[in-house]
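Participant:
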Amino acid sequence: MTYDTFGEEEQIDYLTSGIVLAIYWFLPTLIFFLVGHRLDKKFGSLLQVYQEAVVSMRLISVEQIRSLSQTSPADVTRDLTFMFEEGLLPEGRVINGTVYIQQQALEDYLNGEYEEEYDDEYDEEYDDEYDEEYDEEDSASDENDYGRPSGFQSPVSGQSSSPKTVECPGCGARVFLGTEREKECEYCGNVVCA
């Protein structure tokens, strides 16, 4: 049986069904496209605020940038880390709520000559400062460091082991840490350390 052998009513039914299915699939696609475009625009303007704050205004405190962008400190840290990794900002890091950018990379970035040649220099320069705040632990404890970034060191062993609540850097959720020094976030799966 072909389409031509259908009666007039069947042709109208199939045509109507086709139109309904097209609308059924097109409408959600359109809605998701518009919402995604709006969120992308919002994120783009937020990245411009971060770039203005870090490069032009030279703000180095996550708290200052947070008040300027009207977002949470965890969001600022996550977004700045993303911008550093993607080359949207000169070579830098966010360590303990402070933004560190290599001076030469910043000058070249402002002059439009920025390249990723500063990666190794930056790592050597700021790893020493970061290591002063955290002790290096023996290789036996490194076997328990599942999912941690390679440059991350465990907290100083002299700290008290009292229970406390820590904010997850990934999603901003509060994570209760008892006697253990690290725990996986229930919402996003990141490892949260005290």
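The sequence shown begins at 5 in my numbering and counts up by one. Positions of the beta carbon are idealized from the N, C-alpha and C atoms, including for glycine.
Alpha carbon to alpha carbon, how far is Val-24 from Ile-16?
Facilitator: If you number the sequence shown from 1, residue 24 lands on position 20. If you number the sequence shown from 1, residue 16 lands on position 12. Cα to Cα, the separation comes out at about 12 angstroms.
Participant: Assuming Ile-27 is part of the beta strand (DSSP E), what are its boundary residues?
Facilitator: The residue given as residue 27 occupies position 23 in the sequence shown. No beta strand (DSSP E) holds Ile-27; the alpha helix (DSSP H) holding it covers 12-55.
Participant: Taking Glu-95 as part of the alpha helix (DSSP H), name the residues at either end of that continuous run.
Facilitator: Taking the first residue of the sequence shown as position 1, residue 95 is located at position 91. No alpha helix (DSSP H) holds Glu-95; DSSP gives it neither H nor E.
Participant: Excluding the 5 residues preceding and the 5 following Leu-38 in the sequence, name in chain order all residues of the same chain whose CB lies nearer than 8 angstroms to its CB.
Facilitator: Position 34 of the sequence shown holds residue 38. Here the set comprises nothing.
Participant: Please classify Ile-69 as buried or exposed, where buried requires at least 16 neighbouring CB atoms within 10 angstroms.
Facilitator: Position 65 of the sequence shown holds residue 69. Label assigned to Ile-69: buried.
Participant: Which partner residues does Ile-99 have in the DSSP bridge list?
Facilitator: On the sequence shown, residue 99 is found 95 positions in, with the first residue counted as 1. BP columns for Ile-99 point to Thr-102.
Participant: From which residue to which residue does the alpha helix (DSSP H) around Glu-67 run?
Facilitator: As a position in the sequence shown, residue 67 is number 63, starting the count at 1. Counting along the chain, the alpha helix (DSSP H) containing Glu-67 begins and ends at 66-73.
Participant: Measure the alpha-carbon distance for Leu-19 versus Phe-47 and round it to whole angstroms.
Facilitator: Position 15 of the sequence shown, counting from 1, holds the residue named residue 19. Position 43 of the sequence shown, counting from 1, holds the residue named residue 47. Looking at the two C-alpha atoms, the distance is approximately 42 angstroms.
Participant: Does DSSP classify Leu-63 as helix, strand or coil?
Facilitator: Locating residue 63 in the sequence shown gives position 59, where the first residue counts as 1. It is coil, neither helix nor strand.
Participant: Return the CA-CA distance between Leu-110 and Phe-30, expressed in angstroms with no decimal places.
Facilitator: In the sequence shown, residue 110 corresponds to position 106, counting from 1. In the sequence shown, residue 30 corresponds to position 26, counting from 1. Roughly 46 angstroms between the two C-alpha positions.
Participant: Identify, in the order they occur along the chain, each residue of the same chain with its Cβ nearer than 6 angstroms to the Cβ of Gly-101, setting aside the five sequence neighbours on each side.
Facilitator: Position 97 of the sequence shown, counted from the first residue, corresponds to residue 101. The residues are Val-66.
Participant: Would you kindly work out how many angstroms separate the C-alpha atoms of Arg-178 and Ser-71, rounded to a whole number?
Facilitator: For the purposes of this step, residue 178 is identified with residue 174 of the sequence shown, where counting begins at 1. For the purposes of this step, residue 71 is identified with residue 67 of the sequence shown, where counting begins at 1. Straight-line Cα distance between these residues: approximately 20 angstroms.
Participant: Is the beta carbon of Tyr-54 less than 8 angstroms from the beta carbon of Asp-83?
Facilitator: Indexing the sequence shown from 1 puts residue 54 at position 50. Indexing the sequence shown from 1 puts residue 83 at position 79. In contact: Tyr-54 and Asp-83 (Cβ atoms closer than 8 angstroms).
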